[in-house]
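Have a look at the structure below before the remarks.
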Amino acid sequence: MGRGKIEIMRIENTTNRQVTFSKRRAGIIKKAKELTVLCDAHASLILFSSTHKLFEYCSPTTTMKKMIDRYQQVTGTNLWDSHYESMQKEFNKLKEKNERLRKSIRQRIGEDLDELNHSELCGLEQNLSEALKKIRLTLENKIKRQIDTCRKKIRLADDPRNKGFRELQEEINCSFDGSEDNYESMMVIRDSDAQPCPVRVQSSHPNLHERGYGCHDLVLG
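And the structure:
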C-alpha cells in the first residue's frame, strides 16, 4: 500500500514549527543553488520566519536589486510607487508644518503681522507678555544668585577672624626663620565679636634664651 496523503496545515507546537522551518528552509535554498548550477538559472529567495527573522539567497551571478528590477520590467509593475506616494505625502505635511513654524517665529519678532486679524493679534500679544514675564523672572533669579554668591565671598574676605588667623600664622612662621627682630614684635588683633584669646609662643633656641628672650604672649583681642 502507498503512503497516505499528509494534510498540509499549520504546526501548532512552537518548537516543532521552528525545527520544520529550519529544515525546509535549508532544503529550498539547496534547490535554488542546484537550479543555479545545473540550469544556469537566476534565482533569488526572501524568507521571513514567524519570529520576523530574515533569510535570503541570490544566485552568485546577479544581485537581489537586479532581480527585483528585472521582475518589475518583465511584469510592468512598480513596487515603489505606493511607497513613494506615502513618502511624498509625509514630506508635504512636514513642509507645511515647517512653514507654519517659520511664520510663527517671524510674527513673534514683529514681521508678517498684516495678515493677522484683531483676535489673532491680541492672542499674540498675550503670548509675548507671558513669555516676557518668564524671561524677567528667570533673569531676576540668576541675578539674585550671583549677588548672594558675591556677598558670601565679601563676608569671608572681610571676616576679622579669618584675616587675623592668616596674619598670626604668617607672623609665627616668620618668627622661626631665625630673625631676632621677629621675636621683638607684638601683634594685637582686634575683633569686636570675639573674646581676647592669649596665645603663648615659646622658643627653644638656646641663643635666644642667653640673650634674654623669654616667652612672648600674643593676645588676640
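FYI, the numbering for the sequence shown is 0 to 220, going by numbering that gives the first Met the number 0. Think of the CB as a built atom: it goes at the ideal place given N, C-alpha and C, for glycine as much as any other residue. Please read all numbers here as calculations on a predicted model, not as lab measurements.
7 angstroms CB neighbourhood of residue i in its chain, flanking five on each side removed
{"i": "I28", "result": "L44, Y56"}
Same chain, Cβ closer than 8 angstroms to residue i, five either side skipped, listed in chain order
{"i": "F20", "result": "S48, S49"}
{"i": "N97", "result": "none"}
{"i": "E95", "result": "none"}
{"i": "L120", "result": "L112"}
Residue i: first and last residue of the uninterrupted alpha helix (DSSP H) it sits in
{"i": "L78", "result": "L78 -> no alpha helix (DSSP H), and no H or E assigned at all."}
{"i": "E33", "result": "13-38"}
Cα-Cα separation, residue i to residue j
{"i": "S178", "j": "A156", "result": "Because the pLDDT of S178 is 47, which lies under 50, any placement of that residue in the model is unreliable, and the number read from its coordinates should be weighed accordingly. If I take the Cα positions, the gap works out to 30 angstroms."}
{"i": "L131", "j": "L93", "result": "29 angstroms"}
{"i": "A25", "j": "N91", "result": "45 angstroms"}
{"i": "P59", "j": "K65", "result": "12 angstroms"}
{"i": "F54", "j": "E89", "result": "31 angstroms"}
{"i": "S128", "j": "D80", "result": "49 angstroms"}
Residue span of the beta strand (DSSP E) that contains residue i, given as start and end
{"i": "I7", "result": "Element bounds for I7: n/a, residue is neither H nor E."}
{"i": "E45", "result": "The sequence shown places Ile at residue 45, not Glu. Element bounds for I45: 43-47."}
{"i": "E55", "result": "53-57"}
For residue j and residue i, believed in contact at Cβ under 8 angstroms, the rounded distance
{"i": "Q71", "j": "L78", "result": "6 angstroms"}
{"i": "I10", "j": "R16", "result": "4 angstroms"}
Residues near residue i by beta carbon distance below 6 angstroms, same chain, minus five either side
{"i": "G109", "result": "none"}
Proximity of residue i and residue j at Cβ, strictly below 8 angstroms
{"i": "L115", "j": "Q125", "result": "no"}
{"i": "T62", "j": "H41", "result": "no"}
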